[in-house]
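Trainee:
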Amino acid sequence: LYAILKDRSRGASWHWAFFLPKPGNDAKREVGLRWRTTFENPESEWRYEAAEVDLKQETHMVVAVKLADLSAMGAYEDVVESIGTVLKQIRIDKGAVHLDEFSDRSWFLAGVAALNELGYVNCENVAALEKEIRNAAMMSTSKCVYQNEMSVMTSETCS
Numbered sequence: 001l002y003a004i005l006k007d008r009s010r011g012a013s014w015h016w017a018f019f020l021p022k023p024g025n026d027a028k029r030e031v032g033l034r035w036r037t038t039f040e041n042p043e044s045e046w047r048y049e050a051a052e053v054d055l056k057q058e059t060h061m062v063v064a065v066k067l068a069d070l071s072a073m074g075a076y077e078d079v080v081e082s083i084g085t086v087l088k089q090i091r092i093d094k095g096a097v098h099l100d101e102f103s104d105r106s107w108f109l110a111g112v113a114a115l116n117e118l119g120y121v122n123c124e125n126v127a128a129l130e131k132e133i134r135n136a137a138m139m140s141t142s143k144c145v146y147q148n149e150m151s152v153m154t155s156e157t158c159s
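So in UniProt numbering, spot 90 of the sequence shown is number 90, and the numbers just go up one at a time.
(1) Report yes if the C-beta distance between Leu118 and Thr157 is below 8 Å; otherwise report no.
(2) Answer with buried or exposed for Phe85, where buried requires no fewer than 16 other C-beta atoms within 10 angstroms of its C-beta.
(3) Answer yes or no: do Tyr76 and Lys6 have a C-beta to C-beta separation smaller than 8 Å?
(4) Using only the alpha-carbon positions, how far apart do Glu49 and Trp35 sit?
(5) Under 8 Å by Cβ, that's how I've got Ile133 and Gly111 pegged, so tell me the actual separation to the nearest angstrom.
(6) So, helix, strand or coil for Tyr76, using DSSP?
(7) Within 8 Å (strictly less), CB to CB, does Gly32 reach chain D?
(8) Where does Lys88 sit, in a helix, a strand or coil, going by DSSP?
(9) Met61: buried (16+ other C-beta within 10 angstroms of its C-beta) or exposed?
(10) Would you report the Cα separation of Ala64 and Ser9, rounded to the nearest angstrom?
(11) Since Ile92 and Tyr120 should fall inside the 8 Å C-beta cutoff, what is the C-beta to C-beta distance between them, to a whole number of angstroms?
(12) Among all the DSSP beta bridges, which residues are the ones paired with Lys6?
(13) Can you tell me which residues form a DSSP beta bridge with Ala96?
(14) Provide the residue span of the alpha helix (DSSP H) that contains Val112, from first to last.
(15) How would you label Arg47, buried or exposed, when you count the other beta carbons within 10 angstroms and need 16 or more for buried?
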């Protein structure tokens, strides 16, 4: 399970999401399921979204930070379904307009806390994980912008 950040083109600001590679893939091969909240829809409201993606087809992918190896938790489809069940329950403020009210980052961090509570990840300090991921994104943004490459690393805060 990875945290993936996509450049928002607003300085040090990124779209935050979860990503689980399909078996035989990793974040470098980039095919798997992405869970996120998005404001990009006709109703202009925050929505939960789970979709299979090929990150190579996405633009401005900055960093993928490995949070946990979930391969021992069962078949890929079962893990996808159970994680999806957890993440669908994370509160979304659909009407929020300003990022200080609600954001994909705040939803992601609440998701990490929920996944930690249920044993999918081991991450007791979500604030430290946020700082680690932000630092990774800051260091990886120039690689994304100038080389059109996503950096991949493993979290030291979460497992």
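The beta carbon of each residue, even a glycine, is placed where N, CA and C say it ideally should be.
Mentor: Walking through what the data contain:
(1) No, they are not a contact pair.
(2) According to the sequence as given, residue 85 is Thr; it is not Phe. Exposed, by the Cβ-count rule.
(3) Between Tyr76 and Lys6, the C-beta spacing is not below 8 Å.
(4) Roughly 6 Å separates the two Cα atoms.
(5) About 13 Å separates the two Cβ atoms, so there is no contact after all.
(6) It is helical.
(7) Absence of chain D from the displayed structure is noted, only one protein chain being present.
(8) Reduced to three states, the DSSP call for Lys88 is helix.
(9) Under this definition Met61 is a buried residue.
(10) The straight-line gap from Cα to Cα measures roughly 17 Å.
(11) Actually they do not touch by this definition, with Cβ atoms about 20 Å apart.
(12) Lys6 is bridged by DSSP to His15 and Met61.
(13) Under the DSSP definition of a beta bridge, Ala96 lacks any partner.
(14) In the DSSP annotation of this structure, the continuous segment of the alpha helix (DSSP H) that includes Val112 starts and ends at Asp104 to Glu117.
(15) Residue burial annotation: Arg47 is exposed, with fewer than 16 other C-beta atoms found within 10 angstroms of its C-beta.
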